[in-house]
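Those letters in the sequence shown? Residues 188 to 461, by my numbering. Cβ atoms here follow ideal geometry from the backbone N, Cα and C, with glycine treated the same way. Below: one structure, written as structure tokens.
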Amino acid sequence: MEYILYEQKGAIATITINREKALNALNSTVLDELNATLDAVDLDTVRALIITGAGEKSFVAGADIGEMSTLTKAEGEAFGKKGNDVFRKIETFPIPVIAAVNGFALGGGCEISMSCDIRICTDNAVFGQPEVGLGITPGFGGTQRLARLVGAGMAKQLIYTARNIKAPEAYRIGLVNDVISATLDEAGNVTATAKQNLIAAAEKMASTIAKNAPIAVRNCKKAINEGLDASMDEAIVIEEKLFGDCFETEDQKYGMAFFLDKNKEKVKEPFKNK
Ligand code: CAA
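Structure (structure tokens):
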């Protein structure tokens, strides 16, 4: 692959968008490679996925403006569909996906982070939907997911003004779950960069998720995602079905038997995904 790095460590996999010279901007090739990489994730062994960008400066600085600059209406729509299809694949990916946002997350960069389940970022991160300043709308889900995440009023303000916001504001409005800084020694020297700490934090969160019963975690993702698109009456039925689906699994039997076993010296075994 030209622009995507993929690494699996135990039950955690990391996708790195690796087009640092263009601040990891998303052209058609990046989107195609990302799509193929997602299809190749081994869902029997991977229990949580991290998406990040190469380098310390930018997560993803948006869709590729050079590529978009000459598109016709029909080509623009097709480019929007290409991005939307991949981002929807991330959103509905069977396992949790964490966006580790290492810097600029603008336009398509903010949008890919919003298609992930959880966002954490470095303290130099900048979020925004600058599209109206370029003469277009957000086109990879931004008009839909930003409103769902931070509310319609705040989303409209950010999108209409094309104002970029820094990490603390993104945290305050609930766009990111956590902001990670560098570690300094007593003399003020950097001993771990914000990006290094971000990846460590994302991996720690992914490992915590990976230790829990995988079928239950997947069903939680499905229940939350599908429930948000339904009425409450429909949503609780979605939950009931996915709750019921966990019973009779080996992991449910083991997890409950372990709790009920009064021998507290016993060490909990890893869940089997069965
Ligand atoms: N597309 C194509 N190339 C991009 C890019 C993008 N979105 N963002 C950055 N680059 C390229 C620059 O052209 C530059 O390339 P060269 O070295 O060949 O000139 C390189 O990355 C470095 O960028 P800058 O020199 O601009 O770096 P900077 O530090 O001065 O500025 C920045 C950083 C503020 C992020 C600035 O690059 C920028 O504003 N980028 C565009 C952000 C943007 O508008 N994103 C939204 C795109 S539209 C979209 O995403 C639509 C959608 O919803 C689908």
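Contact check, residue i vs residue j, beta carbons under 8 Å
i    : j    : result
P401 : F458 : yes
G290 : F327 : no
I305 : N364 : yes
N351 : S368 : no
A198 : A387 : no
A212 : A250 : yes
V337 : I323 : no
V273 : N222 : yes
Y347 : V366 : no
K260 : L210 : no
P325 : E298 : yes
D432 : N406 : yes
I282 : R234 : yes
T378 : L371 : yes
G296 : A227 : no
K409 : T309 : no
Close-in-space but distant-in-sequence residues of the same chain around residue i (CB under 7 Å, 5 per side omitted)
i    : result
T201 : E194, I237 and T239
D448 : none
A417 : I425
N214 : D251 and E254
K353 : V313
C303 : I238, I277, V284, I285 and A286
L218 : K269, G270 and V273
Same chain only: Cβ atoms within 6 Å of residue i, ignoring 5 sequence neighbours per side
i    : result
S300 : A286, V288, A292 and R306
G242 : E207
G414 : A422 and I425
Contacting residues, own chain, Cβ-Cβ under 8 Å from residue i (five flanking each side not counted)
i    : result
T224 : M188, I191, Y193 and I202
N412 : E278 and T279
Y441 : E456, F458 and K459
* Quick one: complete beta strand (DSSP E) runs, 3+ long, within the segment 349-377? -> 365-367
* Does the segment 380-395 come close enough to the segment 326-345 that 3 or more CB-CB pairs lie under 8 Å? -> no
* Count the CB pairs spanning the segment 305-318 and the segment 282-289 that are closer than 8 Å, and state whether there are at least three. => yes
* Taking one C-beta from the segment 401-411 and one from the segment 340-347 each time, how about it: are there three or more such pairs within less than 8 Å? -> no
* Asked: Where in the segment 215-257 do unbroken runs of the beta strand (DSSP E), each at least 3 residues long, occur, reported from the N-terminal end onward?
  -> 235-240 and 245-247
* **Sequence ranges, alpha helix (DSSP H) only - wholly within the segment 381-458, length at least 4** => 381-398, 401-415, 419-433 and 437-447
* **Uninterrupted alpha helix (DSSP H) stretches inside the segment 320-354 (no shorter than 4 residues)** => 329-337 and 339-348
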